[in-house]
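Q:
Numbering (this note's numbering), first residue to last: 2 to 189.
1. Is the Cβ-Cβ distance between residue 91 and residue 113 less than 7 Å?
2. Which residues in the same chain as residue 172 place their Cβ atom closer than 8 Å to its Cβ, once the five residues preceding and following it in sequence are excluded?
3. Starting from the N-terminal side, write out each stretch of the alpha helix (DSSP H) that is 4 residues or longer and does not extend beyond the stretch 108-185.
4. Residue 176 to residue 23, Cα distance in whole Å?
5. State yes or no: is the C-beta of residue 168 within less than 7 Å of the C-beta of residue 103?
6. Does the beta-carbon distance from residue 47 to residue 18 come in below 7 Å?
7. Are the stretch 50-59 and the stretch 71-84 touching by the rule of at least three beta carbon pairs closer than 8 Å?
8. Does the Cβ of residue 154 have 16 or more other Cβ atoms within 10 Å, making it buried, or fewer, making it exposed?
9. So is residue 139 buried or exposed if we call it buried at 16+ other beta carbons inside 10 Å?
10. Closer than 7 Å by C-beta to residue 97: which residues in its own chain qualify, once you throw out the five before and the five after it? Chain order, please.
11. Determine, using beta carbons only, whether residue 111 comes closer than 7 Å to chain D.
12. So, with DSSP's three-state summary, where would you put residue 33?
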């Protein structure tokens, strides 16, 4: 939400390039064994690519690079996330990182996740198509979108996001249009 807001305000553009820090590479890169965009430290990456890496590939490294690009540090970005959550009325959420990786103080209720999904769709329709893209290639590595509903013909699914951590297990925030009506589902 914060990245789309920065794009709309002109603070950031899709063509801007952000530098991959050593921290982003160490905390979210391939060496972690988690989902990654396979970014190389010290390289510059277009914001548009980082968005696709975050949304389609679930790249933790992409999340951290965007956070650092917008707020200077991942911790400062988490503070901005908490302020925005309060502003949006998300009453059962607290963030300590940009990735959603496990931390006892990092949580979000299914209701808050559904509310945020609705706001993303309605507040930033110009970027919502990214959530329905089924693959993205970066650094000569193609990764498919992990949302299984996008591959079901006739489902009407057009997003949103999957997630997995060792603590929470598998989760899905999905959206589809059925019979002219937008449906949002959050499952864990």
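Beta carbons: idealized from backbone N, C-alpha and C, even for Gly.
A: Answer, in terms of the structure:
1. Yes, Cβ-Cβ distance for residue 91 and residue 113 is below 7 Å.
2. The answer, listed in chain order, is 163, 164, 165, 187, 188, 189.
3. If you keep only unbroken alpha helix (DSSP H) runs of at least 4 residues inside the stretch 108-185, you get 111-124.
4. Going by the C-alpha atoms only, they are around 35 Å apart.
5. Going by C-beta atoms, residue 168 is nearer than 7 Å to residue 103.
6. Yes.
7. Fewer than three beta-carbon pairs drawn from the stretch 50-59 and the stretch 71-84 are found closer than 8 Å, and the two stretches are therefore not classed as touching.
8. Within 10 angstroms of the beta-carbon of residue 154 lie fewer than 16 other beta-carbons, which makes it exposed.
9. Counting the other CB atoms within 10 Å of its CB gives residue 139 a total of 16 or more, which places it among the buried residues.
10. 79, 104, 106, 107.
11. Within the model displayed, chain D is absent; a lone protein chain is all it includes.
12. In the structure shown, the three-state DSSP call for residue 33 is helix.
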